[in-house]
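K.L.:
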Amino acid sequence: GAVERLARVDRVIFDKTGTLTLGQLRITAVEAAPGWEADEALAVAAALESVSEHPIARAFGMAHPAGPPTDVHVAPGRGVEGNVIGRRWRLGKPDWAAALAGKAPPDLRGDDTAVCLADQDSVRAVFRLADRLRGGAREELQKLRQLGLATEVASGDAVEAVAPMAAAAGAGHWQGGMTPEDKLALLRARQQAGETVVMVGDGVNDAPVLAGADVSVAMAGGTPLAQTSADMVLLGESLAPLVEGILQARRALRIVRQN
Ligand code: ADP
Ligand code: MG
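Using the numbering used here, the letters of the sequence shown correspond one by one to residues 829 to 1087.
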């Protein structure tokens, strides 16, 4: 069962946004294209994000939506697309959003998460969002390493935004720009190399990899579906119960062997 797999775990893979970080994103800058106001761009973005449960969507919750979006859908790991104020829009990953206008994404530098708002003609705004490392993450990852486990971060966000968080947490490996399918492929590669893998995620864009893991751990702040299908749910803000769970599983297995 899950306890036995947890006792034998070789590697823990963490999602970034909402898992390694708190997922409480804050808009730090709005860069509107010429002819566009930051407030207009925020209003369109807020309308689109009303259908998303991604932590990024909550950052737009304080803006007044431009109107109800129509023909709107979430593209997992990419963003949201729909009609607002009589135009078609995409809000999300820079290359994906800019592709609606047939354009290349703008040159975005910096460590923050950046999402683009584009219509069918051009990229109209760039939003910068800051998140914080989950409290105690560095200490918990260090404990995992002391238990002999490899630690890794798999994120859909740009590598520039992933690297500083992963480094601050002391993760052994990290990758950015991953689709939900890429995350699953990474897990499969680790398992094919003979490893038993724990995946920790919030269920937003990491549901397939959570489902494929030897042990799945869901964050309480994530989606309800991730929580109902997970082997373990971390109820508080801390990653400490994960380490505790691995220690307990190892103890339980030793006791079973002794009997
Ligand atoms: P992570 O793996 O770090 O948790 P995700 O895979 O959930 O990140 O998201 C990857 C990227 O997709 C985000 O950094 C963002 O660019 C884009 N994205 C996904 N959902 C949304 C959304 N609702 N609004 C804006 N951008 C989004
Ligand atoms: Mg996430």
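Note that the Cβ used here is the ideal one computed from N, Cα and C, for glycine as well.
This one's a predicted model, so the numbers in the text were calculated from it and none came from an experiment.
Does the Cβ-Cβ distance between Ala1068 and Ala1054 come in under 8 Å?
P.N.:
no
K.L.:
Enumerate, from N- to C-terminal direction, the unbroken alpha helix (DSSP H) stretches of 4 or more residues contained entirely within the region 922–951.
P.N.:
922–927
K.L.:
Give every residue of the same chain whose Cβ lies closer than 7 Å to the Cβ of Pro794, excluding the five residues on either side of it in the sequence, and list them in chain order.
P.N.:
The structure shown does not extend to residue 794, since the chain spans only 829 to 1087, so no value can be given for it.
K.L.:
Does DSSP put Thr845 in a helix, in a strand, or in coil?
P.N.:
helix
K.L.:
Grab me the residues of Glu1009's own chain with a C-beta within less than 8 Å of its C-beta, minus the 5 sequence neighbours each way, in chain order.
P.N.:
Within the same chain, Pro1036 come within 8 Å of Glu1009 by CB-CB distance, once the 5 residues on both sides are set aside.
K.L.:
Hey, quick one: how far does the alpha helix (DSSP H) through Gly1073 stretch, first residue to last?
P.N.:
Ala1068 to Gln1086
K.L.:
For His901, which residues does DSSP report across the bridge?
P.N.:
Glu909
K.L.:
At a threshold of 7 Å, does Asn1087 count as lining ligand 2 (C-beta to nearest heavy atom)?
P.N.:
Not so, every heavy atom of ligand 2 lies at least 7 Å from the Cβ.
K.L.:
Would you list the residues sitting across from Glu859 in a DSSP beta bridge?
P.N.:
Val954
K.L.:
Could you check the C-alpha separation between Gln1086 and Arg1078 for me, to the nearest Å?
P.N.:
12 Å
K.L.:
According to the neighbour-count rule (16 or more other Cβ atoms, all chains shown, within 10 Å of its Cβ), is Asp1030 buried or exposed?
P.N.:
buried
K.L.:
As a quick exercise: from Leu936, Arg962 and Glu968, pick the residue whose alpha carbon is nearest that of Ala953.
P.N.:
Leu936
K.L.:
Return the first residue and the last residue of the alpha helix (DSSP H) that Arg973 is part of.
P.N.:
Ala965 to Gln974
K.L.:
How close, in whole Å, do the beta carbons of Arg906 and Asp947 come, if the pair is a contact with beta carbons under 8 Å?
P.N.:
Going by Cβ atoms, the distance from Arg906 to Asp947 rounds to 16 Å, so no, they are not a contact pair.
K.L.:
Could you tell me how far apart the beta carbons of Thr847 and Met1006 are, in whole angstroms, since I believe they sit closer than 8 Å?
P.N.:
The C-beta distance from Thr847 to Met1006 rounds to 13 Å, too long to fall under 8 Å, and the pair is not in contact.
K.L.:
Rounded to the nearest angstrom, how far is the Cβ of Thr856 from that of Asp940, given a contact under 8 Å?
P.N.:
6 Å
K.L.:
Expressed to the nearest angstrom, what Euclidean distance is found between the alpha-carbon atoms of Gly963 and Ala999?
P.N.:
15 Å
K.L.:
Thinking C-beta only, is Val840 closer than 8 Å to Leu977?
P.N.:
yes
K.L.:
Restricting to Cα atoms, I'd like to know which of Thr845, Met1060 and Pro992 is closest to Gly1073.
P.N.:
Taking only the C-alpha atoms, the option nearest Gly1073 is Met1060.
K.L.:
By alpha-carbon positions, which one of Val981, Ala866, Arg1082 and Glu865 ends up nearest to Arg966?
P.N.:
Val981
K.L.:
Using the beta-carbon count (16 or more within 10 Å), is Leu972 buried or exposed?
P.N.:
buried
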